[in-house]
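Keeping their order, the protein sequence lines are chains A and B.
Mapping of the first sequence onto my numbering: residues 56 to 675, in sequence order.
Mapping of the second sequence onto my numbering: residues -17 to 672, in sequence order.
The beta carbon of each residue, even a glycine, is placed where N, CA and C say it ideally should be.
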Amino acid sequence: MRYLILCIYLFITIFLDASPFDGTKDLPVAFQGRFRSLDPAARLWLYDFYHVQHLKKDQLISFKTNDPSALELLWRLHFMGHALIDNAPLFWIHYAVVKDLLGLDIKESRFSYNELNQALSKVNLSHVDPSYIDDVNQLSQSIKNFYAIDNRVTQSNSLLAALIKQKQASGIDKRAISDAIENKFPLSSRLRHAGTTLKMLPSKKHEGEWLSLHALHIKSYDPVSGELAPIGNFTSFSDVHFQGIQVAYDDLSSLATRYFTNDNSLNAEEFQLAINRFANKILTAYQSLEGTAYIEAMGKSLYYPTLNQLKAESLYYQLPLIEISILGYGLALILFLIAFTTKNKNITTFGFIALILAFILHTLVLILRCYILQRPPVSNMFETVVYVPWIAILVGIIMNRISRNEWLLIASSLAALALLILLKLTDVDARLENVQAVLDSQYWLIVHVLMVVGSYGIFIVCGMLGHLYLLICCLNKTESSLTQFMAKCILHTMYIGVALLIPGTILGGVWAAQSWGRFWDWDPKESWAFISACVYVIIIHAYTFRKIYDLGLAIGSIIGLMAISFTWYGVNYILGTGLHSYGFGRGGEIYYFGYLLGETLFLGITTGIYLFFKSPKKYS
Amino acid sequence: MKILSKLYHFLGGIYFTIVLIGSVALFVIAGTIVESQTHSHLYAAKWTYGNPVFALLLWGFFINILFSATRRWPFQVKHVPFLTTHFGLLMVLGGALIKSYVGQQGTMNLIEGSASDRIYEINTHAIFAEKRGESSPRLYTLPSHLTHPLEIADDHDGLQLSLLAYTPHSTQKFATWVKDNFLTVDGWEPIPIKDTSDPVTFDQLQPQITVNPGEGSESWEIYALRSRDAEACVDKLSKNIKMPSLSFIEDKEGSVHIHAFDRHGPLWNQIFTCQNFQSLYAYDDGFGGYAVQVDIPKVAVPNMEIIIAQLSQELNEAVVGNALLAPPLQIFQKSCQSLNIDFVKTFVNFLVQWDEAGGWLFPSSVKLSSDLTPVFQNLDMSQDDIAPACQWTVRLFDQIGPDLQRGDDIMKVLRKRKWPLMASLEEMIAQHNFNAEDRTHQILSLLTQQIFSTASMLPSIEFDLLIDPAKENVRLYSAYLRAYDIHLRSIISPSFATASRVADTSAPNSTFTLETSVVPIGTPLPPEKKLEDNVPLITVQAKRGPIKQTITLAYDRSAAGLKWPILNGQYLLRFQPKYSHIPYRVRLRQARQINYAHSGQPYSYESDLIITDQRNGKSIEKTISMNHVHETHDGYRFYLSNMALANESGVKRVQLVVNHDPAKYWLTYPGAIIMCCGIVLLFSLRPYKK
């Protein structure tokens, strides 16, 4: 694993254009409840305001920078404060209603701090449509967060200096001055409020709490010399490491200030060295912490990420793995279709290779997420939408190896393509985040969720085969050995799916009995798992007892797919009620109903055409 | 027989299976849609999962599976997967049935430190009754669908309860100071509430009665009002009140605002909302009812004797210590010395008499007491430096006095009379920014000072001293004192004010306690769609022997609220969920929420419990958390289901779910495993046989 990451990492760093701050990408930082590497933290930080993880090329001028990376912007704000980009269009607003409400240009999508600050000061919340109050409040909050970026340490140091001068002038002795200052401005509070950016220093006093780099510049009153002096080691790093960091950071901050003010006399090499030295100091110091537990709860603990995990995380955000997988699956699909029309076996092989390559990258996404978060990748909407097509492809490949039929690959790559494109088109939260307390059970996540969500992947392949079956029947106006084969595949996938869905749901009941205190209570998610199971069980029974035939099976697979889609998406986004609230969201209802309508029309039309024009010849 | 055979085959047949599964699926779909529309699981359950038709369908399943299996008799090897699956399914269904009849499931609410062995069944109804003098309470179970009339008779005890009325949803409030239309304070006659229309005019704010709270306090005028805008009402009162007053104002929410005023304005206040109280007193463990109290600071009577004694003391010290006295005091002292009279006593006496007589200057109509007359006769008011000033002051006030008495504004009067130093007076007033209540007083002070500062330029006026020199002298002297701002009020008022303005209710004997009983009031509301939010309200008539009493009780979901006395305090009643005892007593030692670093997102919820087996007294300590339950050897399971702050003190309240499912290990779970195996067998064997 380590070498794999290293190789990919080297590959990327060599080929990508670099900002001098690239050396700080993998430094550990506390950001929104997790310890992650700096580059992802910067991307997410920017995304919160800007809705994209890097600056748009055409807006670089307003941000007064040449580098679009969030990382450099974050460092710039850390050292220079927010005033520099107060007029840059940083804040993204989605809803036109909100823009209108604030008196902003509806055609624009991003607004500057100054614009928004003025607009928000004028808005009267009592007139705001209640459904948008949250959006307005969120906006005010992000304005506040942006404002809080500034370095407060210099200010508080000079305030302290003035206070000390005043006290000294009135003849108070040193010990009393020290006490008075500590009383009024406790050091622990000053450390905690040193800054909101770049929390890279683990506090010695409170385990799990990290402090901003600004804290390194905090000075406190030294009762011996009677002057303000830099404070001693307040981190859980060793004293030697702390001093190293302090010196390197002093160096870095003086050079960085020159860099950001476009000082031409700055020696680029010297600056790069200073950055690298600082990064090295932090990484060396962090080695004593990596992999150790910082919060211990009953039967579980939270651990600081290892350096490799940090590297993997910044890699994960840099690599467009899903996009490349989409291209791979798309290419494979095209090649399979060409191969089918030209009957060229070689093209099939190329298609298969493309599919496998895409599948490897797809797998890498899941592996990286598992490795970084140390849990199975199925605890939010994004992860399930990655996991389900992965299962679909896996099933397709396995069944293709057994039956040597390309249609299985076509069906599964269609399924994967559809889902992954959907994932990119929608705004599903792709971040690597903490898991909700109730889901935090490795064992059950693996057993229940992997099984149930895995069955979705299989049912999607099953549904795709159903679509292909109907299309082919409709085109050929007859059933053939191909359709017969497909019906058999539909049946098999349906069997496997049900064999995962029903036991998975029952095991879910056992988990529910563990954490909610009851086995089954018709919670909407439970109910819809039950309904989907009912649909498939009806189809299987009807087919087994020869009440329906292949055509009915294909139609059933599509109806089943609709039930599954509702269980998966509908319960979370349309019903939005019940205890399975981990992936709840809003939006997309129209498209979903469109999908259901399209599916129904497809069923009606293809079946109608087929039954109406069906040639009398029965298959053997 | 043929029909029976047909029925048998139909019931075990595929069509029946498909119809059953389809109907159940449709039922469940309807249930989820209803639930998402109402956000009420209970509502959905009532119409679908809890519906008898649904239960009938499940029984149909049971029969269908059973018959479909028996139809295959005699069994062959090829039937094994089918039989395994369906046998497992039967076991699961059987387990569910056994649990619903024999098992126990309920919730237990604990706050840190507390213990319990009762588990409450949600959405059930019961009346909890405690009899005075008996340790074990009774529980009268009510049906889950309440209908009235309903009679419950406890033959053993002779208590009869009858349900007179039932409302599915209500809101409960507590009436304290204001009940119906009366202000009720224990020990007072009920005072009718005056409904003030808004905007409030002071005419409506006349005090209803005057109450004397007892020794050491002034009497209160009592206002009992109802107003939509309590604040405006208080504003109005504080501007117009002249006597120490106490106002009880009920606002539109039913909260009662109590304000105490002294002569100078608002002194203290407290609000009693009708949902919760800051403190509650239970008499005789609730059998004697509940009350709220309020401690109102006493408005102390300004004790003149003490003030005068203090003043005398201070003056004595000044005289003994040879301090330099103010010029007016010096001439008074001289007069006293020549007459050989005690200066301090006489001077204080004069101040008191002047204060009692009132007026800016000592009024000519008031007769001086005999001990003062010789002093003033002897007083030398003819000194050149002060005589004209005093004389002109007296003259001026003789002229403007009647106007001021009529209530005219002093500045207007002066302007009308063309006071020559008007400009400088206005300038001084502008600098001082006087408050409204003693503006006239302050302006008069300035005016006097103006006269004194310009007196040297004024001609002397001849007074007819022969008529009554004492009478003229006392007026001149009082003008002289005014120039130095010496008057009983101006000397004592600062200390007097502080004493009464700061309401220090912590000092002993400084407050007066009022008390009133607490009465629950249930108001019916239209029922909510989300059934879980409904608070049913019942009216119950209790009867025992010849005594009858009716009480209205709102549903107490947590069974932690007040129990209400009935039948002369013989019983306490509460309308609450049903509960049962478990053989374990659970004490919550500590509960905690552990968050992710730098975040409010919870990482883990944990509770430390002490679980005592009541049959043998053995205790164990156990920590449970989400995903970590505790199960006793005889199958009682404790789950942590909810955690919240119980109150602002930081004590946590935990909800545990406790269940006891005797069938779980030998029916439900094995059944599920067998069914899963069956499914795998079915699907792995069958397709390849075709």
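Nearest-angstrom Cα separation, counted from residue j out to residue i
i: Gly281 (chain A); j: Tyr587 (chain B); result: 48 Å
i: Asn322 (chain B); j: Phe344 (chain B); result: 24 Å
i: Asp234 (chain A); j: Gln252 (chain B); result: 40 Å
i: Lys560 (chain B); j: Met90 (chain B); result: 12 Å
i: Cys425 (chain A); j: Phe110 (chain B); result: 54 Å
i: Asp113 (chain A); j: Pro123 (chain A); result: 10 Å
i: Met541 (chain A); j: Gly625 (chain A); result: 29 Å
i: His225 (chain B); j: Pro441 (chain B); result: According to the sequence as given, residue 225 (chain B) is Met; it is not His. In a straight line, the C-alpha of Met225 (chain B) is about 46 Å away from that of Pro441 (chain B).
i: Tyr566 (chain B); j: Lys336 (chain A); result: 57 Å
i: Glu345 (chain A); j: Glu368 (chain A); result: 14 Å
i: Glu488 (chain A); j: Phe437 (chain A); result: 11 Å
i: Asp362 (chain A); j: Gln108 (chain A); result: Before going on, a small fix: residue 362 (chain A) reads as Leu here, not Asp. The straight-line gap from Cα to Cα measures roughly 23 Å.
i: Ala18 (chain A); j: Phe86 (chain A); result: The question about residue 18 (chain A) has no answer here: the residues shown for chain A are numbered 56 through 675.
i: Ser666 (chain B); j: Ala96 (chain A); result: 48 Å
Residue i, enclosing beta strand (DSSP E) - first and last residue
i: Thr120 (chain A); result: From DSSP, Thr120 (chain A) is part of no beta strand (DSSP E); its letter is neither H nor E.
i: His241 (chain B); result: 238 to 244
i: Lys634 (chain B); result: 634 to 642
i: Glu133 (chain B); result: 132 to 136
i: Thr149 (chain B); result: 141 to 149
i: His563 (chain B); result: 561 to 577
i: Val126 (chain B); result: Looking at the sequence shown, residue 126 (chain B) is not Val but Ser. That residue, Ser126 (chain B), is in no beta strand (DSSP E); it is neither H nor E in DSSP.
i: Asp277 (chain B); result: 272 to 279
i: Gly88 (chain B); result: 86 to 93
i: Glu73 (chain A); result: In the sequence as displayed, the identity of residue 73 (chain A) is Ala instead of Glu. First-last for Ala73 (chain A): undefined, no H or E at that position.
Cβ-based burial, residue i [other Cβ within 10 Å; buried from 16]
i: Gln365 (chain B); result: exposed
i: Gly564 (chain A); result: buried
i: Val295 (chain A); result: exposed
i: Val279 (chain A); result: exposed
i: Leu180 (chain A); result: exposed
i: Pro174 (chain B); result: exposed
i: Ile465 (chain A); result: buried
i: Gly653 (chain B); result: buried
Chain A within 9 Å of residue i, Cβ atoms only
i: Gln58 (chain B); result: no
i: Ser540 (chain B); result: no
i: Glu588 (chain B); result: yes
i: His580 (chain B); result: yes
i: His68 (chain B); result: no
i: Gly340 (chain B); result: no
i: Ser623 (chain B); result: yes
Residue-level contact to chain B via CB, residue i, 9 Å cutoff
i: Lys259 (chain A); result: no
i: Trp499 (chain A); result: yes
i: Ala323 (chain A); result: no
i: Phe676 (chain A); result: A question about residue 676 (chain A) goes unanswered here, because the residues of chain A that appear run from 56 up to 675.
Chain C contact residues for residue i, given Cβ-Cβ distances below 7 Å
i: Met353 (chain A); result: As a matter of chain content, chain C is missing from the structure shown, whose protein chains are A and B.
Delimiting residues of the alpha helix (DSSP H) encompassing residue i
i: Val490 (chain A); result: Unbroken run through Val490 (chain A): none, as it is neither H nor E.
i: Trp170 (chain B); result: Here Trp170 (chain B) belongs to no alpha helix (DSSP H), and DSSP marks it neither H nor E.
i: Ala471 (chain A); result: 461 to 480
i: Arg131 (chain A); result: 125 to 135
i: Leu38 (chain B); result: 34 to 52
Proximity test, residue i beta-carbon vs the ligand SAH heavy atom, cut-off 8 Å
i: Lys602 (chain A); result: By its list of ligands, the structure shown contains no ligand whatsoever, and the ligand SAH lies outside what it can speak to.
Between the stretch 348 to 368 of chain A and the stretch 602 to 617 of chain B, do three or more beta carbon pairs fall short of 8 Å?
-> yes
Is the stretch 643 to 662 of chain A in contact with the stretch 611 to 628 of chain A, if contact means three or more CB pairs nearer than 8 Å?
-> yes
Report yes or no: do the stretch 398 to 416 of chain A and the stretch 459 to 475 of chain A share at least 3 C-beta pairs separated by less than 8 Å?
-> The stretch 398 to 416 of chain A is in contact with the stretch 459 to 475 of chain A.
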